[in-house]
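Here's the structure, in structure tokens; my notes come after.
Numbering (this note's numbering), first residue to last: 80 to 362.
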């Protein structure tokens with residue numbers, strides 16, 4: 080008899096933007112043995128290490144400015160305009176794996192900015208995607224993480240509201256409604272990726288089916304933090320881990336049903352490792 084009954088959520092794992100970026104990286108690594116990537120290709124240390132072992136070289140913007148005559152991958156989060164200017168000046172070939180959803184959002188923000196709209200972006204300060212969005216406005220847009228932070232600014236009567244693509248749709252519309260209640264006119268642009276936001280519903284359904292849930296995600300993933308909270312709210316017996324080694328036998332009892340799920344930046348192979356470790360646990 081199995082000590083634990085373990086199921087992996089078939090809807091968890093990489094979103095299509097991350098799949099696309101990693102596929103591009105792997106194809107080039109197969110061809111030339113190495114590839115520069117601007118920032119972590121995905122917010123998951125285990126996956127980054129796997130690709131580094133294959134020859135991926137992670138660089139930051141400072142190192143990019145020093146680099147000449149090389150190919151550099153732009154990850155799914157997208158980049159601000161100055162990155163493209165640096166590439167031109169340094170004769171760099173950019174392999175652009177920016178997610179189409181992010182690129183569409185960048186274009187919409189640029190159009191709004193060109194019309195002199197007052198732009199407010201619901202997102203995480205310093206996040207790679209948000210920096211790319213800010214770049215479309217010459218860094219003039221205001222980024223905020225919650226309504227309290229937003230209300231600390233002197234707001235105009237009319238607000239053009241955007242969101243980082245991985246934010247919660249419920250939170251976005253709650254912010255819009257609160258602003259309207261306070262008398263502001265809000266042009267709300269719902270630019271949240273549905274593949275990400277639909278995970279909320281799917282995860283609630285998944286998490287409710289098990290005695291315990293193991294949520295697998297990198298600690299740097301914004302989306303991971305949001306989705307872990309969704310699981311935890313649905314099933315209080317939810318544990319956050321970044322790799323199989325962090326599993327603790329004391330969390331589980333013989334015969335329990337365990338669900339494994341993860342962020343849009345969590346590779347399926349990592350969830351499979353966690354499943355294999357759970358099946359071997361002495362509980």
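Where is the CB? At the ideal position from N, CA and C, for every residue including glycine. Since the model is a prediction, treat every value here as computed from it, not as a measurement.
Checklist entry - Would you say residue 269 and residue 337 are within 8 angstroms of each other, going by their C-beta atoms? => result On the chain shown, residue 269 is found 190 positions in, with the first residue counted as 1. On the chain shown, residue 337 is found 258 positions in, with the first residue counted as 1. A distance of 8 angstroms or more separates the beta carbons of residue 269 and residue 337.
Checklist entry - Looking only at its own chain, which residues have a Cβ that is under 8 angstroms from the Cβ of residue 192, when we skip the five neighbours before and after it? => result Taking the chain shown and counting its residues from 1, one reaches residue 192 at position 113. Take residue 192, set aside five residues on each side of it, and the residues of its chain with a beta-carbon closer than 8 angstroms to its own are 198, 215, 216, 217, 219, 220, in chain order.
Checklist entry - Is the beta carbon of residue 335 sitting closer than 8 angstroms to the one on residue 83? => result Here residue 335 corresponds to residue number 256 of the chain shown, with the count starting at 1. Here residue 83 corresponds to residue number 4 of the chain shown, with the count starting at 1. Less than 8 angstroms separates the beta-carbon of residue 335 from that of residue 83.
Checklist entry - Quick one, are the C-beta atoms of residue 326 and residue 360 less than 8 angstroms apart? => result Translated into the one-based positions of the chain shown, residue 326 becomes position 247. Translated into the one-based positions of the chain shown, residue 360 becomes position 281. Going by C-beta atoms, residue 326 is nearer than 8 angstroms to residue 360.
Next on the checklist: Tell me which residue opens and which closes the alpha helix (DSSP H) that residue 251 is part of.
Outcome noted: Your numbering for residue 251 matches position 172 in the chain shown. Here the alpha helix (DSSP H) through residue 251 covers 248 to 260.
Checklist entry - Alpha carbon to alpha carbon, what distance is there between residue 235 and residue 90? => result Position 11 of the chain shown, counting from 1, holds the residue named residue 90. Position 156 of the chain shown, counting from 1, holds the residue named residue 235. C-alpha separation (whole angstroms): 41 angstroms.
Next on the checklist: Going by C-alpha to C-alpha distance, which of 242, 115, 176 sits closest to residue 136?
Outcome noted: Within the chain shown, the letter at position 57 stands for residue 136. Minimum Cα distance to residue 136 is reached at 115.
Checklist entry - Bridge partners of residue 278, per DSSP? => result Here the question's residue 278 lines up with position 199 in the chain shown. According to DSSP, which records beta bridges pairwise, residue 278 is partnered with nothing at all.
Checklist entry - Is it a yes or a no for the stretch 201 to 216 touching the stretch 236 to 249, going by three-plus beta-carbon pairs under 8 angstroms? => result These segments touch.
Checklist entry - Any idea what DSSP makes of residue 49, helix, strand or coil? => result Nothing can be reported for residue 49: it is not among the residues displayed for the chain, which extend from 80 to 362.
Checklist entry - So residue 96 and residue 341 are in contact, right, with Cβ under 8 angstroms, and what is the actual spacing, rounded? => result Against the chain shown, residue 96 aligns to sequence position 17. Against the chain shown, residue 341 aligns to sequence position 262. The Cβ separation is near 16 angstroms, so there is no contact.
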